[in-house]
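Asker: I am attaching a structure below and will ask some questions about it afterwards.
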Amino acid sequence: MISTKSELLEYVRENDVKFVKLTFCDFFGRQRNISVLSSQLEDSFEHGVSIDSSSLTGVGGTDLKLMPVSALMSDLPWRPHSGRVVSVFCNIGNLDCTPFVCDPMVLLDSEVKALAKLGYSAKVATECEFYVMKDEADILEPIDNADYCASYPFDKCETLRRDVILSLEDMGLKPISAHHERGPGQNEIDFESADPISAARNFVMFKAAVKTVSAISGCVASFMPKPLSNQPGSGLHLSITLSGKNSQKASRAFAEGILRRYKEITCLANPTQNSYKRLGKGYKIKYADDRSTAIRIFDDNTIQLRTPDSTCNLFVALSLIFAAGREGIENGYSLRPVSECNDYLFDSVGDAIKFARGSEWLHKQIPVHLDGVLDTIQKRRDDAHALETDRELFDFYSDI
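Numbering (the working numbering), first residue to last: 304 to 703.
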């Protein structure tokens, strides 16, 4: 387990690592990289590596720096073993290397630390659905016609899921199960719970692994919430387990805090128009112990959010979820009866953007740059609105 700069530098020397991909993600959770020679890694720790802030999407106006985080290193197993390549996730800093106020990892880390001051810690587990399509130029066709928990030969994704999981294990990540989902060519891979920062980083690396293995296999993976208009959508289910003093009572207060801020969280947890095709009209914000609700609440102090999807930046989405939950604990909220859950999610990302712009709470959570991020969400919505076919939308969202 690498945790310090010296341990990482030693690993790079001893394992013939030639290139280091300094990895970060923008406000849509899309992975970005700058590759440096391994001989430049120590200098990257000391002085950072400059990037154009516009690469963060909606956060423009100045140069920023990537600051490697030693504990967030992963091998890239599909690279050659001679002259190996590793990925190191990075914090984003100002030019003087101080933390950038809207670094997604900083936003989440500050909320984790604020929760710790109240005497609580949390683990996050993800369940992620995605489609695998044939790599055809003119049509959008799933790789198989199998359904829920199907087996080979009907499930033609079995080998691909195996290769993804083996790659993830080589990267030091910990998937725990995988299966075919309800839609044709649709899959789900679930992860072991981890601390929030690691869970979000693992999710970014997981998406990269799925897309890479799919490309090597001659097919295309999509994390769109609704790639096929007549088939089930794909979600990103987030299970959060609290530990600490009187954690059962705290988890109920945490859940109530989320319920009160659910609509404000939604724009960043579901930031594309395609997100609302998956959710459909009239989706009620309520909780229960079943799969049809926005939140599931379990007896082991676990809360599962079922509406987020993979178009989000998970660092940002979790930072908002934790801020809302912490607010619930700090104010001693009581979980409302199910009969009093009478609010609904938005029917479109346009409605979500309008609501977000008027939220003082959301501007506090994402200081300075929230409106720029919302402008970018609006532009992507406008660009997607002009597209009509599943294939056109699939190509438009190929970067998520």
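The beta-carbon is built from N, C-alpha and C at its ideal position, and this holds for glycine as well.
Please classify Ser496: does DSSP put it in a helix, a strand, or coil?
Answerer: Locating residue 496 in the sequence shown gives position 193, counting from the first residue. Ser496 falls in the coil class under three-state DSSP.
Asker: Figure out for me which residue from His666, Asp378, Gly396 and Ala425 has the closest Cα to the Cα of Glu349.
Answerer: Start at 1 with the first residue of the sequence shown, and residue 349 comes out as number 46. Residue Gly396 is the option with its Cα nearest to Glu349.
Asker: With distances taken Cα to Cα, identify the nearest neighbour of Asp654 among Glu567, Ile479, Phe699 and Asp441.
Answerer: Taking the sequence shown and counting its residues from 1, one reaches residue 654 at position 351. Of the listed residues, the one whose Cα sits closest to Asp654 is Glu567.
Asker: Counting only the same chain and skipping the five closest in sequence on each side, list residues whose C-beta sits under 6 angstroms from that of Glu630.
Answerer: Here residue 630 corresponds to residue number 327 of the sequence shown, with the count starting at 1. Excluding sequence neighbours, Glu630 sits near Gly560.
Asker: May I ask you to report which of helix, strand or coil DSSP gives Val362?
Answerer: The residue labelled residue 362 in the question sits at position 59 within the sequence shown. Reduced to three states, the DSSP call for Val362 is coil.
Asker: Given 8 angstroms as the limit, is there contact between the region 413 to 432 and the region 458 to 466, that is, 3 or more CB pairs closer than that?
Answerer: Result no; under three Cβ-Cβ pairs closer than 8 angstroms.
Asker: With a threshold of 16 other CB atoms inside 10 Å of the CB of Ser487, please say whether the residue is buried or exposed.
Answerer: Within the sequence shown, residue 487 is the residue found at index 184, counting from 1. Per the sequence shown, the amino acid found at residue 487 is Pro instead of Ser. Pro487 should be labelled buried.
Asker: Out of Pro407, Phe433 and Asp473, which has the shortest C-alpha to C-alpha gap to Val362?
Answerer: Working through the sequence shown from its first residue, we reach residue 362 at position 59. Cα-wise, what sits closest to Val362 is Pro407.
Asker: Residue range of the beta strand (DSSP E) that Ser390 falls in?
Answerer: Locating residue 390 in the sequence shown gives position 87, counting from the first residue. Its beta strand (DSSP E) spans residues Arg387 to Gly396.
Asker: Decide yes or no for the touch test of the region 576 to 593 against the region 640 to 658: beta carbon pairs closer than 8 angstroms, at least 3 of them.
Answerer: Touching, yes.
Asker: If you measure between the beta carbons of Ile703 and Phe494, is that distance less than 8 angstroms?
Answerer: Taking the sequence shown and counting its residues from 1, the one referred to as residue 703 is at position 400. Taking the sequence shown and counting its residues from 1, the one referred to as residue 494 is at position 191. No. Outside cutoff.
Asker: For Phe506, collect the residues of the same chain with a Cβ closer than 6 angstroms to its Cβ; drop the 5 residues on either side in sequence, then sort them by chain order.
Answerer: In the sequence shown, the residue the question calls residue 506 occupies position 203. Here the set comprises Thr429 and Leu617.
Asker: Going by C-alpha distance, which of Asp685, Ala572 and His672 is nearest Gly332?
Answerer: Residue 332 sits at position 29 when you count from the first residue of the sequence shown. Checking every option, the nearest Cα to that of Gly332 belongs to Ala572.
Asker: Give me, in chain order, the residues of the same chain whose beta-carbon lies closer than 7 angstroms to that of Asp438; leave out the 5 immediate sequence neighbours on both sides.
Answerer: By 1-based counting over the sequence shown, the position of residue 438 is 135. Gly521, Cys522 and Val523.
Asker: State the start and end residues of the unbroken beta strand (DSSP E) segment that holds Gln607.
Answerer: For this step, residue 607 is matched to residue 304 along the sequence shown. Its beta strand (DSSP E) spans residues Thr605 to Leu608.
Asker: How about Leu541 and Pro611: do their beta carbons lie closer than 8 angstroms?
Answerer: Taking the first residue of the sequence shown as 1, we reach residue 541 at position 238. Taking the first residue of the sequence shown as 1, we reach residue 611 at position 308. In this structure, Pro611 lies closer than 8 angstroms to Leu541 by Cβ.
Asker: Run through the DSSP bridge pairs and tell me what Pro371 is partnered with.
Answerer: The count along the sequence shown starts at 1 and reaches residue 371 at position 68. Answer is Cys393, bridged to Pro371.
Asker: What residue ranges within the region 576 to 664 form continuous beta strand (DSSP E) runs of no fewer than 3 residues, ordered along the chain?
Answerer: Correct list: 598 to 600 and 605 to 608.
Asker: Between Lys529, Asp355 and Tyr314, which lies nearest to Phe433 when the distance is taken from Cα to Cα?
Answerer: Taking the sequence shown and counting its residues from 1, one reaches residue 433 at position 130. Residue Lys529 is the option with its Cα nearest to Phe433.
Asker: Three or more C-beta pairs under 8 angstroms: does that hold for the region 350 to 360 against the region 319 to 336?
Answerer: These segments touch.
Asker: Can you determine whether any heavy atom of the ligand ZN sits closer than 7 angstroms to the C-beta of Ile568, and answer yes or no?
Answerer: In the structure on display, the ligand ZN does not appear, and there are no ligands present to speak of.
Asker: Could you spell out where the alpha helix (DSSP H) holding Val569 opens and where it closes?
Answerer: Taking the first residue of the sequence shown as 1, we reach residue 569 at position 266. One point to set straight first is that residue 569 is Thr, not Val, in the sequence displayed. Residues Ser550 to Ala572.
Asker: Would you mind working out which of Asp473, Gly386, Pro574 and Pro640 sits nearest Arg316, comparing C-alpha positions?
Answerer: Counting from one through the sequence shown, the residue named residue 316 turns up at place 13. Taking only the C-alpha atoms, the option nearest Arg316 is Gly386.
Asker: Take Ala626 and list the residues in its own chain whose beta-carbon comes closer than 7 angstroms to its own, dropping the five residues that flank it on each side.
Answerer: Reading the sequence shown from its first residue, position 323 is the one you call residue 626. Counting only Cβ-Cβ distances below 7 angstroms, and skipping sequence neighbours, we find Glu414 and Gln668.
Asker: Which runs of the beta strand (DSSP E), 3 residues or longer, sit entirely within the region 461 to 533?
Answerer: Runs of the beta strand (DSSP E) inside the region 461 to 533: 478 to 483, 489 to 494 and 522 to 525.
Asker: Using DSSP bridges, identify the partner residues of Tyr455.
Answerer: As a first step, residue 455 is located in the sequence shown; it is residue number 152 there, counting from the start. None, per the DSSP bridge assignment.
Asker: Starting from the Cα of Tyr700, find the closest Cα among Thr614, Phe403, Ala689 and Leu621 and give me that residue.
Answerer: The sequence position of residue 700 within the sequence shown is 397, counting from 1. Per the Cα distances, Thr614.
Asker: Have a look at Val513 and Ala659 and give me their C-alpha separation to the nearest angstrom.
Answerer: Mapped onto the sequence shown, residue 513 falls at position 210. Mapped onto the sequence shown, residue 659 falls at position 356. Val513 and Ala659: Cα-Cα distance of roughly 32 angstroms.
Asker: Can you grab the Cα-Cα spacing for the pair Val404 / Leu410, in whole Å?
Answerer: Taking the first residue of the sequence shown as position 1, residue 404 is located at position 101. Taking the first residue of the sequence shown as position 1, residue 410 is located at position 107. So the alpha carbons of these two residues sit roughly 8 angstroms apart.
Asker: Given this structure, state the Cα-to-Cα distance separating Thr515 from Val389, to the nearest angstrom.
Answerer: If you number the sequence shown from 1, residue 515 lands on position 212. If you number the sequence shown from 1, residue 389 lands on position 86. Taking the straight line from one Cα to the other gives about 15 angstroms.
Asker: Let me make sure I understand the geometry here. Which of Val372, Leu621, Gly628 and Thr575 has the alpha-carbon closest to that of Ala553?
Answerer: Counting from 1 along the sequence shown, the entry for residue 553 is found at position 250. Nearest C-alpha to Ala553: Gly628.
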